[in-house]
Structures are given as structure tokens and as C-alpha cells.
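One structure below.
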Amino acid sequence: MTRRILLVNGPNLNLLGTREPEVYGTATLDDVVALTATAAAEAGYELRAVQSNHEGVLIDAIHAARADCAAIVINPGGLTHTSVALRDALTGVALPFAEVHISDVYAREEFRHHSYLHDVAAIRVIGEGVAGYADAVRRLAALIP
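This is the structure we're talking about:
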């Protein structure tokens with residue numbers, strides 16, 4: 583069993599800490615990666631992290647995870663509401679994954695209420711701030727034998 587989890591952060595998440603802090607808080611992407619890596623290590627996993635503003639880069643990282651990861655934690659950002667290709671990549675690699683959103687997407691604009699991943703994600707963590715990433719790792723680790 584591979585003891586690695588892939589962390590995927592989608593478009594605009596590189597701006598964490600400065601982008602709309604009233605919505606997303608002041609933690610940076612580096613803070614998120616460190617928090618998630620700590621949670622992964624506590625569960626006995628290594629963490630590999632990728633962030634991109636380009637859908638194809640994210641899909642390539644998900645495909646590569648098939649070879650050496652046990653699970654995926656993903657915050658797809660705006661691709662949540664638009665990307666069938668991202669959904670197909672996640673279902674295609676057949677790894678359990680957690681969909682994470684820092685903000686409560688259901689308390690925001692109507693278009694954010696739809697997720698192309700909601701029905702195929704093993705776990706969904708919504709509106710817990712950046713702590714949701716660690717929660718996702720713990721919950722995924724409990725699913726993986």
C-alpha cells in the first residue's frame with residue numbers, strides 16, 4: 583500500500599492569504615500545505631502537493647497519482663462548478679478523494695452550489711476554513727486500509 587496522499591489546489595488558491603481574506607482567511611497556500619502535511623504525517627502518510635491555475639496540469643498530477651498515491655485531497659477552486667474533465671480524471675484514477683472548500687459554498691452565490699465532484703467524492707469538507715484540509719486527511723486515512 584502506497585503511503586502517500588496527493589494534495590491538489592486549483593485556480594487562484596495560490597492567492598490564499600491575500601485574496602478576499604474575509605472569505606478565505608489569512609492563511610497562505612504554504613500554510614495549507616504545511617497543515618496538510620502534518621495531518622498526513624500523523625496518519626502515517628507522506629504528502630505531495632500541487633497547485634496550478636491550469637486545468638491540464640491538475641489533471642496530469644491526478645493521473646500521475648495513480649502510480650504512487652493512496653488518496654487525493656482536492657480543492658478544485660472554480661473548477662468545481664465547471665470541469666467535467668477534472669471529474670473524469672478523478673474517477674478515472676479510482677483513488678478515494680476528498681473535496682475540500684475553505685468557504686461555505688452554499689452560503690455564497692448560487693452558481694457555487696453546484697459541484698461536478700459532489701457525487702463521486704468519498705468525503706466532502708465544506709466551510710471549515712483551512713482546517714478542513716487536515717480534517718479531510720484524517721477522514722480519508724480512516725477509509726484506507
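In terms of my numbering, the numbers along the sequence shown are unbroken and rise by one, the last being 727. The beta carbon of each residue, even a glycine, is placed where N, CA and C say it ideally should be.
Going straight from the alpha carbon of residue i to that of residue j, what length do you get?
i           : j           : result
residue 650 : residue 665 : 24 Å
residue 634 : residue 710 : 22 Å
residue 695 : residue 673 : 21 Å
residue 586 : residue 613 : 19 Å
residue 691 : residue 602 : 15 Å
residue 628 : residue 616 : 12 Å
residue 703 : residue 693 : 19 Å
residue 722 : residue 658 : 17 Å
residue 630 : residue 645 : 13 Å
residue 714 : residue 618 : 9 Å
residue 724 : residue 716 : 13 Å
Ignore the nearest five residues each way along the sequence and tell me which others in residue i's own chain have a CB closer than 7 Å to its CB.
i           : result
residue 609 : 598, 599, 712
residue 685 : 605, 606, 709
residue 735 : Here the chain covers residues 583 to 727 and nothing more, so residue 735 does not appear.
residue 718 : 655, 680, 682, 705, 707
residue 745 : Residue 745 lies beyond the range of the chain shown here (583 to 727); nothing can be said about it.
residue 720 : 621, 625
Compute the distance between the beta-carbons of residue i and residue j, then report whether it is under 7 Å.
i           : j           : result
residue 640 : residue 590 : yes
residue 726 : residue 671 : no
residue 688 : residue 669 : no
Which first and last residues belong to the alpha helix (DSSP H) in which residue i is found?
i           : result
residue 637 : 637 to 650
residue 604 : 603 to 606
residue 616 : 611 to 624
Who are the near neighbours of residue i in its chain, counting only those whose CB is closer than 8 Å to its CB and skipping five residues on each side?
i           : result
residue 660 : 592, 593, 594
residue 700 : 681, 706
residue 643 : 588, 590, 632, 634
Give me, in chain order, the residues of the same chain whose beta-carbon lies closer than 6 Å to that of residue i; leave out the 5 immediate sequence neighbours on both sides.
i           : result
residue 596 : 611, 633
Tell me whether residue i counts as near the ligand GTP, meaning its Cβ is closer than 6 Å to at least one heavy atom of that ligand.
i           : result
residue 666 : Ligands are entirely absent from the displayed structure, and the ligand GTP is therefore not among its contents.
At least 3 beta-carbon pairs within less than 8 Å: the stretch 620 to 629 vs the stretch 658 to 672: no
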